[in-house]
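Input: a single structure, listed below in structure tokens.
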Amino acid sequence: MPAQQKPTVRRKNSILSLSKDESPQLRSALLAWHRRNALRAPWRETGDPYHVLVAAVMAQQTQMSRVLLKFDEFISAFPTIERLAGARTARVLRVWEGMGYNLRALRLHRAAKLIVRMGGFPRTATELEQIEGIGPFTAAIISSFAFREPAAAVDTNVRRVIARLSGDVDVTLTDRDVQPAADVLISRRAPARWNQAIMDLGGRVCVSRSPKCDVCPIARWCRSRAAFDKSPRKVAERRASYKPQPKFEGSRRYHRGRIVQALRELPEGRSLSPQQLGNKLGIDNIAELLDVLERDGLIRRLPIGRVRLP
Ligand code: SF4
């Protein structure tokens, strides 16, 4: 790491009370488990910061199986960050088709432009977090996977593992609450593998509804284990029914997605009038939705009033 770049330093552990000996033992047990159970993904093999950035943005609110399908297509279309930065927004949105949450494609595109203008990727999570569109999780996995910085990535899976390790059975702790413990636990020698291991454990063993404590490599140090042994389903389902999701179909986000999709399906450079779009999609009050989409940068209004992808 170049001398002028400061590594990311965060607060000390406050929710786990592992002894001096226990932390390395837990680390070894999880890394050993991961050697046998690692989820294989192209961006994990290459450690290329651009690949990691694309995968991290895709993985937000999207299942890994869909990310794995779209990732290769996206990288074939934009093999380098320079190619992505230089692409037209409409093309990026077209290649993004099927992933949903189109704003993520815009954020990824903007981040790519900024990184290219900066002359390349910064190497620490602290610096990466300064880039619009890159949050703490994405910054930590880029700096750890690509530059070996011991920056702990906290996503839903990691939060669940650490919360339960601390005895928070129902996972009421926030990302901020668990970050200091994550920072203490991370392996300094193998930060990328550690981040992958704890994410994979949360995705496959310490799952939300029925954690598989009997095969968990770190059960020995877990303060929630006893609660799941006593009443596995009752305890786990309390959390699962915690927040009902609002209905997606018919929502404003649903209709905004349909508008972008309709414009995506037009031949390149073609446009539609708001009325044509409204009739095609059966949306009465389309003007308000178009205003929001234009503000977000997902559509462009032409001087003649017609709309198309930007
Ligand atoms: S013992 Fe059970 S609750 Fe604790 S970390 Fe492992 S799977 Fe999660």
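Start counting the sequence shown at 177; every next residue gets the next number (this note's numbering). The C-beta atom is built at its ideal place from N, Cα and C for all residues, glycine as well.
- If you draw a straight line from the Cα of ALA368 to the Cα of ILE338, it comes to about 17 Å.
- The ligand SF4 approaches ALA395 closely enough that one of its heavy atoms is under 6 Å from the residue's Cβ.
- Of the residues ASP359, LEU341, ARG476, the one whose Cα lies closest to the Cα of PRO393 is LEU341.
- In chain order, LEU469, VAL483 place their CB closer than 6 Å to the CB of ILE475, counting only its own chain and leaving out the 5 sequence neighbours on each side.
- Setting aside the 5 residues that flank it on each side, PHE323 is surrounded in the same chain by ARG299, each with a C-beta closer than 6 Å to its C-beta; the list follows chain order.
- Per the C-alpha coordinates, the member of ILE307, VAL391, CYS398 positioned closest to VAL345 is CYS398.
- For ALA463, the CB contacts under 7 Å within the same chain, skipping 5 residues up- and downstream, are PRO450 in chain order.
- The beta-bridge partner set that DSSP reports for ARG484 consists of ARG476.
- Distance between ALA281 and ASP405, taken at the CA atoms: about 43 Å.
- For LEU279, DSSP assigns no beta-bridge partner whatsoever.
- Of the heavy atoms belonging to the ligand SF4, at least one sits nearer than 6 Å to the Cβ of VAL381.
- For ASP351, same chain residues with a beta-carbon under 6 Å away, outside a window of 5 residues either side, are VAL330, ARG335 in chain order.
- In the structure shown, LEU448 adopts extended strand secondary structure according to DSSP, grouped into three states.
- Between THR265 and ILE362, the alpha-carbon positions lie close to 38 Å from each other.
- In this structure, DSSP gives GLU464 a helical state, which the three-state scheme calls helix.
- Here DSSP, grouped into helix, strand and coil, assigns LYS456 to helix.
- A straight line joining the alpha-carbon of GLU308 with that of ALA315 spans about 11 Å.
- At least one heavy atom of the ligand SF4 lies less than 6 Å from the C-beta of ARG401.
- Taking 8 Å as the upper bound for CB-CB distance, ILE374 and PRO225 are not in contact here, some 20 Å apart.
- The DSSP assignment places complete alpha helix (DSSP H) segments of no fewer than 4 residues inside the region 321–353 at 332–341, in order along the chain.
- With fewer than 16 other Cβ atoms inside 10 Å of its own Cβ, GLU221 counts as exposed.
- ILE307 sits in coil when the DSSP states are folded into three classes, being neither helix nor strand.
- Judged by DSSP in its simplified three-state form, ILE191 adopts coil rather than helix or strand.
- At a cut-off of 6 Å, the beta-carbon of PRO387 counts as near the ligand SF4: some heavy atom of the ligand is closer than that.
- Annotated as proximal: VAL292 and ALA261, with beta-carbon spacing under 7 Å.
- In this structure, the ligand SF4 has no non-hydrogen atom nearer than 6 Å to the beta-carbon of ARG476.
- The beta carbon of ARG440 sits closer than 7 Å to the beta carbons of LEU269, ARG270, GLU273, LEU485 from its chain, once the five residues preceding and following it are set aside; these are given in chain order.
- Under the three-state reduction of DSSP, GLN239 is assigned to coil, being neither helix nor strand.
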